[in-house]
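Some notes on the structure that comes next.
There are 2 protein chains.
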Amino acid sequence: MENKVTINDIARLTGLSKGTVDRVLHKRGEVSKKSYEKVMKVIEELGYKPNVFASLLAGGKGCQIAVVLPSGEKGSYWELAESGIAKVGADVEALGVRTQLFTYDQYKPESFHQTCTEVLEAAPDGVVLAPLFKEETSQFVLDLEEKGIPYVFVDSRLESEHYLAYFGMPMYQSGYLCADQLTGGFAIGSVLIVRVRRDKDQQADPTKNRRAGFIDYMLEHSPECSVSNIFIDPNDPEGTYNALDSYFKAHPETRHIVMFNSRIHLLVPWLADHPVKGRRVVGFDNLPENIAALRRGVVTSLIGQRPDVQVSRAIEALAEAIVLGQLPPQKDAFMHMDILTRYNVDYY
Amino acid sequence: MENKVTINDIARLTGLSKGTVDRVLHKRGEVSKKSYEKVMKVIEELGYKPNVFASLLAGGKGCQIAVVLPSGEKGSYWELAESGIAKVGADVEALGVRTQLFTYDQYKPESFHQTCTEVLEAAPDGVVLAPLFKEETSQFVLDLEEKGIPYVFVDSRLESEHYLAYFGMPMYQSGYLCADQLTGGFAIGSVLIVRVRRDKDQQADPTKNRRAGFIDYMLEHSPECSVSNIFIDPNDPEGTYNALDSYFKAHPETRHIVMFNSRIHLLVPWLADHPVKGRRVVGFDNLPENIAALRRGVVTSLIGQRPDVQVSRAIEALAEAIVLGQLPPQKDAFMHMDILTRYNVDYY
DNA sequence: AAAATTTCCGTGCACGGTAACGGAAAATCA
DNA sequence: TGATTTTCCGTTACCGTGCACGGAAATTTT
Chain A
1 MENKVTINDI
11 ARLTGLSKGT
21 VDRVLHKRGE
31 VSKKSYEKVM
41 KVIEELGYKP
51 NVFASLLAGG
61 KGCQIAVVLP
71 SGEKGSYWEL
81 AESGIAKVGA
91 DVEALGVRTQ
101 LFTYDQYKPE
111 SFHQTCTEVL
121 EAAPDGVVLA
131 PLFKEETSQF
141 VLDLEEKGIP
151 YVFVDSRLES
161 EHYLAYFGMP
171 MYQSGYLCAD
181 QLTGGFAIGS
191 VLIVRVRRDK
201 DQQADPTKNR
211 RAGFIDYMLE
221 HSPECSVSNI
231 FIDPNDPEGT
241 YNALDSYFKA
251 HPETRHIVMF
261 NSRIHLLVPW
271 LADHPVKGRR
281 VVGFDNLPEN
291 IAALRRGVVT
301 SLIGQRPDVQ
311 VSRAIEALAE
321 AIVLGQLPPQ
331 KDAFMHMDIL
341 TRYNVDYY
Chain B
1 MENKVTINDI
11 ARLTGLSKGT
21 VDRVLHKRGE
31 VSKKSYEKVM
41 KVIEELGYKP
51 NVFASLLAGG
61 KGCQIAVVLP
71 SGEKGSYWEL
81 AESGIAKVGA
91 DVEALGVRTQ
101 LFTYDQYKPE
111 SFHQTCTEVL
121 EAAPDGVVLA
131 PLFKEETSQF
141 VLDLEEKGIP
151 YVFVDSRLES
161 EHYLAYFGMP
171 MYQSGYLCAD
181 QLTGGFAIGS
191 VLIVRVRRDK
201 DQQADPTKNR
211 RAGFIDYMLE
221 HSPECSVSNI
231 FIDPNDPEGT
241 YNALDSYFKA
251 HPETRHIVMF
261 NSRIHLLVPW
271 LADHPVKGRR
281 VVGFDNLPEN
291 IAALRRGVVT
301 SLIGQRPDVQ
311 VSRAIEALAE
321 AIVLGQLPPQ
331 KDAFMHMDIL
341 TRYNVDYY
């Protein structure tokens, strides 16, 4: 059933041998132009697709996929992404696909560059890439294209036309959704945005678009609602605590709190000490610590994009493209924005 | 890489031929007890796993999976489930898995029984089953076990110990979650539950547990909030409209509305005619009509379990078990309860 | 004890594709 | 023109399993 057309059929119809047919299939030369075209024509007509099993059986090599991510500390967003590698379906593994993880320091462009050269040396059959640095990524992508190595973006992407697929979250919309969750659709008092202070010469703020979506929602639905910002240092718990304390001393009328990165858990100590009935606290990403906060009831809801799923789907898409020659149905796959509350988080 | 152990290795180590080894592997007799045990021992020791590619190549058959669902009218829940069949990964198909759909009338046990015999005649290698009738399902499952055909439940399940896996939604918790969505965590006025009238001798109400979860939440979080019920006939739009009309004439203070089955869209005509600021309307399942209502803003949120994903995951699990001999990591996979609002529905 | 069964097992081909090997034909060189 | 190199292609031996066929050995029948 399926594709009855075999390499032998083509050999017979072209009057050549399967050895020659195999040579044109794999473009390993030593074929006259005339024969080459004859074979290609018949392949086209019959819609020949090679039998994956036979190919794997004979060749045995399978394929190697490199996954390039920022190195994830324990409990971080990127560790979650990393765990997606282990979640690819058994059927993909059965197809002879192997994955190899390469990490880089998300704060050091030169570390990323270093990792890229390592990847190129490893010469994988495909690359899954979470890009953070524009310049360096453009260069890397050029190198990959030159070598004919297909690549898939996760989390964010470049404007490049040549990537095979992209799995990520629509940032602007996630901010919009977040605002809806925070306000519950009702008009409310003022809102506090807690942000992480970052050096200006560092990379651009990845949550910029998200914040924009949030602001737009508020302007449309609750124009009377005031929005304030404070900045904290993620490595200074005490400072964070004090920042919140002094802000709320000055603005006791502010009720709801939101953060646009995955660090909402940093607020837990202060929140736990200052419970307010009706306060809504919304953050992003299902990190273990965030989920714990959700369960405690300190955080109202989280908006999750499941980076692990992004990675595993990316690997699967890449594998299907390489091994089966099937392009992904859609190039840009914006993934679910999951709304997590304490009542459904157990099932994610 | 992987399993270097082949059938030839075993043949050599046992001093037998691969023909004999193959015979014990497939239990097709004609092997002396002594040889049988010798082979089994070596297989055990070396942890032999057959090469899927070679097997598929030689045998060619692949495997046949029967999917048994209630017949889904256009736009219905079960049609959504049906669509999951088309969504199994290309890699699973590449493994030589073919699926065949069998449907039955969800209101007629005898129709289910009829379908079951058809399935048994087709003698598939595995069965995905959405069971509605307890008695008949128990019998069917016994037949399957007798024939050694593995089966996976979706949507709901029997207490049977022998199913391979189950993909479904935790009903009680979904009701709990629903109540949280409806109230938004705030204390609110009274709530209306719209239910579908059904004959008592018909099957039991599949949403009973869900309702129980809802009620429990309300008792715990908003004991002062009154909950009323009305009943409608899904096939009588006019009657539905009038029922809502007369209820709300008598109880204008009731604001929020909930339905526990997938038919919240039946209320759209009335809701569209009677917009109330701050009213929350929550229903279940991402049917096209429900999603349309969500987009219009008539329905506040939906709780979705994506029956299509349940079906495709079930097929994949079954395929992996049959073809690769890999049991699913967890027997009971309670699937996500997705909270859908107009702001994230586009990404589901 | 010879013949007829039955039980058990080895051999060999097929599945579709890969790739090394070697040789014929064509092109280039002397 | 003969020798040499290049270009091109057919042959062949696998890869690991499935399975049909036929035959040796063990068992039962005459």
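Protein chains in written order, with the numbering used here: chain A, 1 to 348; chain B, 1 to 348. For every residue, glycine included, the Cβ atom is placed at its ideal position computed from N, Cα and C.
I need the straight-line Cα distance from residue i to residue j, nearest angstrom please.
{"i": "SER312(A)", "j": "PHE167(A)", "result": "10 Å"}
{"i": "SER83(B)", "j": "GLY75(B)", "result": "11 Å"}
{"i": "VAL31(B)", "j": "VAL24(B)", "result": "7 Å"}
{"i": "ALA58(A)", "j": "GLU136(A)", "result": "39 Å"}
{"i": "CYS63(A)", "j": "PRO269(A)", "result": "47 Å"}
{"i": "LYS118(A)", "j": "VAL67(A)", "result": "For clarity, residue 118(A) is Glu in the given sequence; the question names Lys instead. Cα to Cα, the separation comes out at about 12 Å."}
{"i": "PRO70(A)", "j": "SER111(A)", "result": "10 Å"}
{"i": "ASP273(B)", "j": "VAL281(A)", "result": "34 Å"}
{"i": "PHE260(B)", "j": "GLY175(B)", "result": "8 Å"}
{"i": "HIS265(B)", "j": "LEU144(A)", "result": "50 Å"}
{"i": "VAL227(B)", "j": "LYS87(B)", "result": "40 Å"}
{"i": "MET169(A)", "j": "ASN344(A)", "result": "20 Å"}
{"i": "ASN51(A)", "j": "LYS4(A)", "result": "10 Å"}
{"i": "HIS162(B)", "j": "PRO329(B)", "result": "15 Å"}
{"i": "ILE215(B)", "j": "VAL194(B)", "result": "14 Å"}
{"i": "PHE133(B)", "j": "PRO150(A)", "result": "50 Å"}
{"i": "PHE284(A)", "j": "SER222(B)", "result": "28 Å"}
{"i": "TYR241(A)", "j": "GLN310(A)", "result": "34 Å"}
{"i": "GLY15(A)", "j": "LYS38(A)", "result": "10 Å"}
{"i": "GLY213(B)", "j": "PRO237(B)", "result": "28 Å"}
Can you list, in chain order, the residues of its chain whose CB lies under 7 Å from that of residue i, leaving out five sequence neighbours each side?
{"i": "ASP180(B)", "result": "TYR217"}
{"i": "ASP22(B)", "result": "ILE7"}
{"i": "LEU327(B)", "result": "ALA321"}
{"i": "ASN229(A)", "result": "ILE193, ARG195"}
Grab me the residues of residue i's own chain with a C-beta within less than 6 Å of its C-beta, minus the 5 sequence neighbours each way, in chain order.
{"i": "THR115(B)", "result": "PHE102, TYR104"}
{"i": "THR350(B)", "result": "Any question about residue 350(B) goes unanswered here, given that chain B covers just 1 to 348."}
{"i": "VAL141(B)", "result": "SER160"}
{"i": "LYS331(B)", "result": "ALA165"}
{"i": "TYR107(B)", "result": "none"}
Report the option in the options whose CA atom is closest to the CA atom of residue i.
{"i": "GLU177(A)", "options": "VAL5(A), GLU320(A), GLY304(A), ALA58(A)", "result": "At residue 177(A) the sequence reads Leu, which differs from the Glu that was named. The residue with the shortest Cα to Cα distance from LEU177(A) is GLY304(A)."}
{"i": "VAL276(B)", "options": "ILE339(B), GLN100(B), LYS33(B), PRO252(B)", "result": "PRO252(B)"}
{"i": "VAL154(A)", "options": "ILE85(A), VAL97(A), ALA212(A)", "result": "ILE85(A)"}
{"i": "GLU79(A)", "options": "MET335(A), MET171(A), ASP308(A)", "result": "ASP308(A)"}
{"i": "ALA122(B)", "options": "LYS38(B), GLN139(B), ARG98(B)", "result": "ARG98(B)"}
{"i": "ALA349(B)", "options": "ALA317(A), ALA333(A), ILE339(A), MET335(A)", "result": "Limits of chain B in this structure are 1 at one end and 348 at the other, which puts residue 349(B) out of reach."}
{"i": "GLY60(B)", "options": "LEU267(B), TYR151(B), GLY96(B)", "result": "GLY96(B)"}
{"i": "GLN100(A)", "options": "LEU120(A), TYR241(A), PRO109(A)", "result": "LEU120(A)"}
{"i": "HIS26(A)", "options": "ARG210(A), MET40(A), ALA243(A), ARG279(A)", "result": "MET40(A)"}
{"i": "THR300(B)", "options": "GLN139(B), ARG279(B), LYS38(B)", "result": "ARG279(B)"}
Going by the beta-carbon positions, is the gap between residue i and residue j smaller than 9 Å?
{"i": "LEU158(B)", "j": "PRO124(B)", "result": "no"}
{"i": "TYR247(B)", "j": "MET337(A)", "result": "no"}
{"i": "VAL128(B)", "j": "ILE322(B)", "result": "no"}
{"i": "PHE258(A)", "j": "LEU182(A)", "result": "Note that residue 258(A) is Val in the sequence shown here, rather than Phe. Cβ distance < 9 Å, so VAL258(A) and LEU182(A) count as in contact."}
{"i": "THR341(A)", "j": "LEU294(A)", "result": "yes"}
{"i": "TYR36(B)", "j": "ILE10(B)", "result": "no"}
{"i": "ILE188(B)", "j": "ILE339(A)", "result": "no"}
{"i": "ILE65(A)", "j": "ALA319(A)", "result": "yes"}
{"i": "ALA54(A)", "j": "PHE53(B)", "result": "yes"}
{"i": "PRO206(B)", "j": "SER138(B)", "result": "no"}
{"i": "ASN235(B)", "j": "SER262(B)", "result": "no"}
{"i": "MET335(A)", "j": "ARG296(A)", "result": "no"}
Which same chain residues end up closer than 8 Å to residue i when comparing Cβ atoms and leaving out the 5 residues on each side of it in sequence?
{"i": "GLU45(A)", "result": "none"}
{"i": "ARG197(A)", "result": "PHE231, ILE232, ASP233"}
Problem - Members of the region 90-109 of chain B near chain A, C-beta cut-off 7 Å - result: Answer set for the region 90-109 of chain B: ALA90, ASP91, VAL92, ALA94, LEU95.
Practice task
For the region 205-232 of chain A, enumerate the residues whose C-beta is nearer than 7 Å to any C-beta of chain B, in chain order.
Solution key: Answer in chain order: no residues at all.
Handout entry: Interface residues of the region 109-133 of chain A facing chain B [CB-CB below 9 Å]
Key = Closer than 9 Å at the C-beta level to chain B, one finds no residue of the region 109-133 of chain A.
Practice task
Compile a chain-ordered list of the residues in the region 245-258 of chain A whose CB is closer than 9 Å to at least one CB of chain B.
Solution key: Within the region 245-258 of chain A, no residue has a Cβ that lies closer than 9 Å to any Cβ of chain B.
Problem - Interface residues of the region 297-316 of chain A facing chain B [CB-CB below 9 Å] - result: Among the residues of the region 297-316 of chain A, those with a Cβ less than 9 Å away from any Cβ of chain B are THR300, SER301, ILE303, GLU316, in the order of the chain.
Practice task
Quick one: which residues of the region 315-348 of chain B get their C-beta closer than 9 Å to a C-beta of chain A? List them in chain order.
Solution key: GLU316, ALA319, GLU320, VAL323, LEU324, GLN326, PHE334, MET335, HIS336, MET337, ASP338, ILE339, LEU340, THR341, ARG342, TYR343, ASN344, ASP346, TYR347, TYR348
Exercise for the section: Select from the region 43-55 of chain B all residues with a C-beta closer than 9 Å to any C-beta belonging to chain A, and list them in chain order. Expected result: ASN51, VAL52, PHE53, ALA54, SER55
Problem - Residues in the region 134-167 of chain B having any Cβ partner in chain A nearer than 7 Å - result: none
Exercise for the section: Output, in sequence order along the chain, the residues in the region 52-77 of chain B whose CB is closer than 7 Å to any CB in chain A. Expected result: Within the region 52-77 of chain B, contact with chain A at the beta-carbon level (separation under 7 Å) is assigned to VAL52, PHE53, ALA54, LEU56, LEU57.
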